[in-house]
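Below is one structure; the comments refer to it alone.
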Ligand SMILES: Cc1ncc(C[n+]2csc(CCOP(=O)(O)OP(=O)(O)O)c2C)c(N)n1
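Protein chains in written order, with the working numbering: chain L, 358 to 681; chain Y, 199 to 524.
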């Protein structure tokens with residue numbers, strides 16, 4: 358199969374959906390003139406014009422709010438947040454409007470909107486440009502939250518998100534944009550709500566997602582080679598609605614489970630997933646579930662500090678060994 | 199207005215200290231020495247210099263992602279700034295902030311801010327505290343043309359005007375917000391026209407003329423201190439360097455940038471003081487050399503400073519107590 362980058366895969370998803378449906382459009386800061394900071398919009402203005410690939414002022418409230426309004430009136434907007442950190446600027450639009458409009462008005466309308474938000478730690482971008490904030494949105498009823506870890510899922514999930522009649526928060530890790538991977542030529546969709554087993558194993562399940570998957574896979578290889586511990590790696594892909602069945606099946610095979618993510622451990626996705634497992638699958642467990650996540654501080658600038666606050670391969674390996 | 203030798207020296211020294219600091223940061227970043235992002239202020243030095251020359255140490259400023267110039271003009275220590283952009287323990291923020299987040303609260307520098315438009319309400323609130331506590335302080339908010347489109351702009355200016363707070367909003371209109379030319383996102387020639395809608399003065403000034411900036415800022419500071427409320431200063435300038443170091447700058451032509459270099463505030467200052475003989479070439483050269491030497495010393499200090507210990511990442515979250523994971 359051909360290999361393309363994560364950002365090229367998202368571009369294909371955008372182009373295919375924009376060709377198919379003239380109501381799909383995209384807007385955000387600095388996306389048209391330079392194709393997005395990570396090249397994720399390159400070439401779209403040439404094909405679709407500046408009406409449908411819109412550069413906006415630095416007005417996050419207006420961007421997200423107007424995206425919502427356009428969705429209520431027949432469009433399928435894709436909104437780019439530049440950096441996930443700036444979602445905070447438009448939080449009222451997201452959690453008081455986008456998430457509630459369908460429910461509060463008794464199902465009269467739908468909100469077919471995608472918010473793309475590049476997140477994650479990248480080369481000392483420091484506290485206001487490094488956050489992974491998916492847990493904030495997990496906590497808000499009315500939002501679907503997806504988070505691919507590789508080019509194929511990036512394309513398939515984005516296409517599913519654009520076709521979805523519900524609002525989808527689409528997080529894409531900044532460190533992944535340049536990653537190469539196999540992506541099918543023919544049209545396909547990655548279902549929202551379905552996890553993916555990236556590696557089968559029998560001793561422990563590690564549930565993770567986004568860029569952290571790479572570290573988890575490395576840790577799994579090392580554990581297999583050096584300690585003969587067989588690790589199953591479950592890529593969550595969708596944070597909400599999360600794949601309860603997939604999780605249950607994996608835990609039933611391994612009887613040990615760990616959740617690893619780059620966003621803060623406290624109150625995070627791992628807290629939800631491990632609570633769900635304890636509530637419903639306690640009999641399957643041979644050991645208490647383990648969570649690894651960001652230490653409870655904003656993300657610092659200096660490289661040794663930045664390295665320290667997020668889980669690294671060694672931390673994952675050590676935590677798994679402690680479980681055995 | 200006539201400026202005495204001391205003031206002229208102060209203007210020139212401040213501008214060249216900023217310039218040398220930035221040129222050095224540029225080289226160090228391109229050399230792979232500095233982590234993170236660096237946004238350069240080159241070409242805009244007259245604004246921070248002209249404005250801050252009117253401020254006392256106790257007055258306050260808020261800054262942006264392009265904050266080195268504001269820090270230096272407000273009197274920050276160059277060694278600690280340099281150490282911070284290196285990510286060293288001896289930096290202003292102990293390596294936690296980096297270029298985009300330098301602060302020195304001891305001189306009223308309330309921090310550079312990675313969120314565009316993050317400073318409006320901080321400055322307004324600082325001015326509110328000055329009024330409540332009757333300290334006589336003035337607060338200055340620096341921001342860009344891109345930032346002027348944030349909604350918080352309107353809320354802050356309206357509040358400051360309604361409550362007659364001692365705050366000055368200084369727009370550095372450098373023509374671009376990242377890749378976006380000012381006029382493509384704003385349908386007016388002068389953003390400061392908005393000031394009239396909020397009942398405060400809006401003044402346009404040549405941001406590359408330190409004398410002109412100084413004078414409008416002086417009027418604004420006097421107005422603020424006498425309880426008459428905010429002023430909106432719009433300083434027209436040009437960003438000579440890319441948005442960040444390493445920016446491919448596909449959104450503008452090399453010719454456009456070259457043409458703007460002729461309008462460099464430092465070059466214009468030199469031409470003026472040499473023409474009216476208020477300073478000599480030798481005086482300027484010696485200030486220049488002193489600034490360059492000072493920056494070299496700061497680099498040496500930063501290079502020789504230790505990295506923070508990893509566990510220091512857990513400190514400073516709260517005044518009391520540190521959370522340790524199990
Ligand atoms: C709320 C927010 N939105 C977007 C960004 C990304 N961003 C950083 S700087 C910048 C351009 C800022 O332009 P301007 O305010 O004119 O300041 P300048 O860079 O020209 O000094 C953008 C869009 C951000 N940091 N914060």
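We put the beta carbon where it would ideally sit given N, CA and C, even for glycine. Bear in mind that the values here come from a model prediction, so they are computed numbers and not experimental data.
Strictly under 8 Å for the Cβ-Cβ distance: is residue 344 of chain Y near chain L by that measure?
yes
Anyone know if the C-beta pair for residue 547 of chain L and residue 613 of chain L falls short of 8 Å?
no
Just list the alpha helix (DSSP H) runs in the stretch 417–481 of chain Y, keeping only unbroken ones of 4 residues or longer that don't cross its boundaries, in chain order.
452–459, 463–473
Considering just the uninterrupted stretch of the beta strand (DSSP E) at residue 553 of chain L, what are its terminal residues?
553–556
Which bits of chain Y does residue 571 of chain L rub up against, with CB to CB less than 9 Å?
None at all; the shortest Cβ gap to chain Y is about 21 Å.
With a 10 Å radius around its C-beta and 16 neighbouring C-beta atoms as the bar for buried, classify residue 202 of chain Y as buried or exposed.
exposed
Along chain L, in chain order, which residues have C-beta atoms closer than 7 Å to that of residue 314 of chain Y?
415
Distance CB(residue 359 of chain L)-CB(residue 505 of chain L) smaller than 8 Å:
no
Rounded C-beta distance between residue 270 of chain Y and residue 236 of chain Y? I'm assuming under 8 Å.
Not really, about 15 Å apart at Cβ, beyond 8 Å.
For a minimum of 3 consecutive residues, which ranges assigned as the beta strand (DSSP E) are wholly contained in the stretch 449–525 of chain L?
471–476, 501–503
Find the residues of chain Y that neighbour residue 390 of chain L, judging by a C-beta separation of less than 8 Å, and give them in chain order.
377, 378, 448, 449
Residue 384 of chain Y at chain L interface by Cβ criterion, 8 Å:
yes
Within the present structure, is the beta-carbon of residue 376 of chain Y separated from the nearest heavy atom of ligand 1 by less than 7 Å?
yes
Closer than 8 Å to chain Y by CB, residue 368 of chain L
no
Report the three-state DSSP secondary structure of residue 254 of chain Y (helix, strand or coil).
coil
Hey, out of Y:224, Y:213, Y:300, whose CA is closest to residue 238 of chain Y's CA?
Y:224
Would residue 652 of chain L pass as an interface residue toward chain Y - the criterion being a Cβ-Cβ separation below 8 Å?
yes
Flag this pair as touching only if the stretch 384–396 of chain Y and the stretch 339–348 of chain Y have three or more C-beta atom pairs under 8 Å; answer yes or no.
yes
Three Cβ pairs or more, each shorter than 8 Å: is that satisfied between the stretch 616–625 of chain L and the stretch 598–607 of chain L?
no
Rounded to the nearest angstrom, what separates residue 278 of chain Y and residue 307 of chain Y at their Cα positions?
14 Å
Judging by CA-CA distance, which residue of Y:229, Y:206, Y:414, Y:222 is the nearest neighbour of residue 401 of chain Y?
Y:414
State the Cα-Cα distance for the pair residue 211 of chain Y and residue 328 of chain Y, rounded to the nearest angstrom.
30 Å
Would you please state the rounded distance, in angstroms, between the beta carbons of residue 475 of chain L and residue 529 of chain L? I believe it to be under 8 Å.
5 Å
Taking one C-beta from the stretch 493–502 of chain L and one from the stretch 521–538 of chain L each time, how about it: are there three or more such pairs within less than 8 Å?
yes
Given that residue 585 of chain L touches chain Y, what residues does it touch there, using C-beta distances under 7 Å?
The premise fails here: residue 585 of chain L is roughly 27 Å from chain Y at the closest Cβ pair, so nothing lies under 7 Å.
Consult DSSP for residue 300 of chain Y and reduce its assignment to one of helix, strand or coil.
coil
Buried versus exposed call for residue 430 of chain Y [16 or more other C-beta atoms within 10 Å across all chains shown]:
buried
Closer than 7 Å by C-beta to residue 560 of chain L: which residues in its own chain qualify, once you throw out the five before and the five after it? Chain order, please.
586, 587, 588, 611, 613
Would a check of beta-carbon distances place residue 418 of chain L closer than 8 Å to chain Y?
yes
Below 8 Å, how does it come out for the stretch 437–444 of chain Y and the stretch 246–257 of chain Y: are there three or more Cβ pairs, yes or no?
no
Using DSSP with H/G/I as helix, E/B as strand and the rest coil, what is residue 615 of chain L?
strand
Just checking: is the beta-carbon of residue 666 of chain L within a distance shorter than 8 Å of some beta-carbon in chain Y?
yes
Compare the C-alpha of residue 310 of chain Y against each of Y:275, Y:263, Y:380 and name the closest.
Y:263
For a test of your reading of the model: does the CB of residue 440 of chain Y fall under 7 Å from any non-hydrogen atom of ligand 3? Yes or no.
No copy of ligand 3 appears in this structure; the ligands present are ligand 1.
Note down, in chain order, every chain L residue with its Cβ under 9 Å from the Cβ of residue 279 of chain Y.
Correct list: empty, because the minimum Cβ distance to chain L is about 13 Å.
Starting from the Cα of residue 285 of chain Y, find the closest Cα among Y:276, Y:275, Y:296 and give me that residue.
Y:296
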